[in-house]
């Protein structure tokens, strides 16, 4: 075999591995969606042989796809049982302005662990977002949110003082802040400005959420306005990335 023939063979093998890896990612994308939407909640995933037939691909490709989902912590192999879902993700819609308990009510019980509350002087940026004079105190609330007993999110909330102080007199462990704000303000909430980004868990977030330090989190920054347009509630919500998925419907005008 000439050097040129050897190089061509190596290139062919490399192309084959790349194509298989691409196909494995495609299979993993389909299976991931099925896992996230609870299609395998009642039992194990189909066998490798069944997946080969379903996707019209090779067993090695199916195994690579399952390895990708296993590395994400979504599935695991149980001897005598098969491949099962180990982490259920919960869907969080982005179409409506709802509190977490309102959004996830159908998926189980949301419990609030109130960790810190009080009146603070916020950073300048927080004041600006809430349209408050620099140095004006705001109410700060830190909560750990659990769904079905498992840590789901760490919520850091800043509320304008006139609404926040009455809020502190309420039962924050068993009530949604949005519902309480509407009652205190005597008007409905109007709109929320939302930013979502991926961040790594800092030591405090990791310890609170019982996640590895540096684990992937979804951070939602949400500024909520009353119906009259006044901004009153600024939240920084860190979700465990392995327990939440966000989706919405987009229309092109």
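Numbering (the numbering used here), first residue to last: 608 to 860. No residue lacks a Cβ here, since even glycine has one placed at the ideal position from N, Cα and C.
Contact defined as beta carbons within less than 8 Å: I believe residue i pairs with residue j. What is the distance between those atoms, to the nearest angstrom?
i           : j           : result
residue 731 : residue 741 : 6 Å
residue 789 : residue 798 : Rounded, the Cβ-Cβ distance is 13 Å, inconsistent with contact.
residue 745 : residue 739 : 7 Å
residue 721 : residue 750 : 5 Å
residue 682 : residue 637 : The Cβ separation is near 14 Å, so there is no contact.
residue 791 : residue 770 : 5 Å
Quick check: the Cα distance between residue i and residue j, rounded to an integer number of angstroms?
i           : j           : result
residue 656 : residue 668 : 11 Å
residue 793 : residue 654 : 56 Å
residue 629 : residue 812 : 34 Å
residue 659 : residue 673 : 12 Å
residue 779 : residue 640 : 34 Å
residue 755 : residue 719 : 11 Å
residue 666 : residue 650 : 21 Å
residue 687 : residue 647 : 17 Å
residue 632 : residue 858 : 28 Å
residue 856 : residue 801 : 15 Å
residue 690 : residue 652 : 6 Å
residue 675 : residue 634 : 10 Å
residue 825 : residue 763 : 14 Å
residue 786 : residue 716 : 17 Å
residue 736 : residue 814 : 28 Å
residue 670 : residue 693 : 18 Å
residue 823 : residue 662 : 30 Å
residue 627 : residue 828 : 38 Å
residue 684 : residue 843 : 36 Å
residue 624 : residue 851 : 32 Å
residue 853 : residue 679 : 17 Å
residue 765 : residue 733 : 8 Å
residue 832 : residue 781 : 23 Å
residue 830 : residue 664 : 47 Å
residue 810 : residue 677 : 25 Å
Check the Cβ-Cβ distances between residue i and every residue of chain D, and say whether any is below 8 Å.
i           : result
residue 674 : The structure shown contains no chain D, having only a single protein chain.
Quick check on the burial criterion: 16 or more other C-beta atoms within 10 angstroms. Buried or exposed for residue i?
i           : result
residue 784 : buried
residue 726 : exposed
residue 728 : exposed
residue 644 : exposed
residue 840 : buried
residue 767 : buried
residue 723 : exposed
Quiz item: Is there contact between the segment 830-839 and the segment 810-819, where contact requires at least three CB pairs shorter than 8 Å?
Solution: no
Quiz item: Given 8 Å as the limit, is there contact between the segment 847-854 and the segment 746-759, that is, 3 or more CB pairs closer than that?
Solution: yes
Quiz item: Touch check for the segment 770-784 and the segment 797-813: three-plus C-beta pairs under 8 Å?
Solution: no
Practice problem: Quick one: which unbroken beta strand (DSSP E) runs of 3-plus residues sit fully inside the segment 730-780? Chain order, please. | Solution: 745-754, 757-767
Quiz prompt | Every unbroken beta strand (DSSP E) within the segment 659-692, with a cutoff of 3 residues, ordered by chain | solution = 682-685, 689-692
Exercise. Run through the segment 787-850 for me and flag every whole beta strand (DSSP E) of 3 or more residues, listed as ranges in chain order.
Key: Taking only runs of at least 3 residues, the beta strand (DSSP E) segments lying wholly in the segment 787-850 are 796-807, 823-833, 838-847.
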